[in-house]
Amino acid sequence: AQTVTQSQPEMSVQEAETVTLSCTYDTSESDYYLFWYKQPPSRQMILVIRQEAYKQQNATENRFSVNFQKAAKSFSLKISDSQLGDAAMYFCAYRSAGGSGTYKYIFGTGTRLKVLA
Amino acid sequence: NAGVMQNPRHLVRRRGQEARLRCSPMKGHSHVYWYRQLPEEGLKFMVYLQKENIIDESGMPKERFSAEFPKEGPSILRIQQVVRGDSAAYFCASSEQGTHGYTFGSGTRLTVV
Chain A
1 AQTVTQSQPE
11 MSVQEAETVT
21 LSCTYDTSES
31 DYYLFWYKQP
41 PSRQMILVIR
51 QEAYKQQNAT
61 ENRFSVNFQK
71 AAKSFSLKIS
81 DSQLGDAAMY
91 FCAYRSAGGS
101 GTYKYIFGTG
111 TRLKVLA
Chain B
1 NAGVMQNPRH
11 LVRRRGQEAR
21 LRCSPMKGHS
31 HVYWYRQLPE
41 EGLKFMVYLQ
51 KENIIDESGM
61 PKERFSAEFP
71 KEGPSILRIQ
81 QVVRGDSAAY
91 FCASSEQGTH
101 GYTFGSGTRL
111 TVV
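Top line first, the protein sequences correspond to chains A and B.
So that you can map any letter, position 67 of the first sequence is 67 in my numbering, and since no number is skipped, the others follow by simple counting.
So that you can map any letter, position 35 of the second sequence is 35 in my numbering, and since no number is skipped, the others follow by simple counting.
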């Protein structure tokens with residue numbers, strides 16, 4: 001069974017600085033997707049970035065980028081130029097490519113990011 | 001195009017009562033997923049449905065919990081005889097096809113008193 005591990009329960013970053021959130025996963029599959037979701041106090045789950053396992057190039061969305069290391073099964077999120085609005089819980093998630101017919105996500109336990117003014 | 005709509009946003013039930021949580025997927029989406037988030041934890045998969053079919057219910061507790069997605073109307077997650085341990089946020093997500101990424105709703109926070 002697949003697992004997702006986020007080993008940092010909480011992280012802090014100074015406004016305008018860069019922070020990296022860690023995520024490791026375990027799977028025997030070769031084709032899958034990885035995601036980072038942001039959950040602010042409103043509870044809404046907001047997709048931050050998505051990575052297809054078959055793509056070697058790391059995904060980037062504005063200030064957010066990932067470091068995807070497939071052999072190491074590592075998928076970290078880098079937030080550049082941190083802003084106060086980035087403060088939230090961040091969840092890493094895994095999803096099979098769907099060969100087994102199910103498309104459920106496996107979520108990590110989350111990292112709470114605090115942004116200091 | 002409205003997103004995934006969940007209601008109610010907050011639901012309070014006494015122990016032993018029934019809870020009904022509703023989810024209207026995005027327009028054109030025929031795949032619905034339910035997740036549960038316990039306090040200070042990540043989301044845990046419960047069930048995956050298509051119209052009138054349960055595709056994967058491997059995350060559903062064996063008793064008291066059921067889900068449906070009828071041909072017409074919203075998807076319903078039903079919890080019978082609620083207990084304090086059912087208190088959690090319940091999220092619904094939908095997708096156009098199973099292979100597509102999800103759109104999440106804002107969740108229903110269930111509190112059992």
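Glycine is no exception: its CB is placed at the ideal position from the N, C-alpha and C atoms.
Because the structure is a prediction, the values reported are computed rather than measured.
Between the CA atoms of residue 16 of chain B and residue 106 of chain A - distance to the nearest angstrom: 30 Å
For residue 86 of chain A, the three-state DSSP class (helix, strand or coil): Residue state, collapsed to three classes: helix.
Of the residues A:36, A:83, A:57 and A:67, the one placed nearest residue 114 of chain A, counting alpha carbons only: A:83
Would a C-beta distance cut-off of 8 Å place residue 144 of chain A and residue 75 of chain A closer than the cut-off? Because residue 144 of chain A is not part of the residues shown, which for chain A are 1 to 117, the question remains open.
Quick check on DSSP: helix, strand or coil for residue 56 of chain B? strand
Between which two residues does the beta strand (DSSP E) holding residue 19 of chain B run? 19-24
Does any C-beta atom of chain B lie closer than 8 Å to the C-beta of residue 104 of chain A? yes
Any beta-carbon of chain B closer than 8 Å to the one on residue 45 of chain A? Contacts with chain B at 8 Å (Cβ-Cβ) include residue 45 of chain A.
Reference residue 27 of chain B, options B:13, B:88 and B:93, closest by Cα: Answer by Cα proximity: B:93.
Can you pull the chain B residues whose beta carbon is under 8 Å from the beta carbon of residue 91 of chain A, in chain order? 42 and 43
Have a look at B:41, B:78, B:52 and B:84 and flag the residue whose alpha-carbon is nearest the alpha-carbon of residue 22 of chain B. B:78
Less than 8 Å between the beta carbons of residue 90 of chain B and residue 104 of chain A, yes or no? no
Would you please verify whether the beta carbon of residue 107 of chain A is less than 8 Å from any beta carbon of chain B? yes
Could you tell me whether the region 43-63 of chain B touches the region 61-70 of chain A, using the rule of 3 or more Cβ pairs below 8 Å? no
Please name the residue, chosen from B:19, B:104 and B:111, that lies closest to residue 2 of chain B on a Cα-to-Cα basis. Selected option, being the one with the closest Cα: B:104.
Separation of residue 51 of chain A from residue 41 of chain A, as counted between CA atoms: 25 Å
Does the beta-carbon distance from residue 111 of chain B to residue 12 of chain B come in below 8 Å? yes
Taking Cβ positions only, does residue 16 of chain B come closer than 8 Å to chain D? Absent from the structure is chain D; the protein chains it does hold are A and B.
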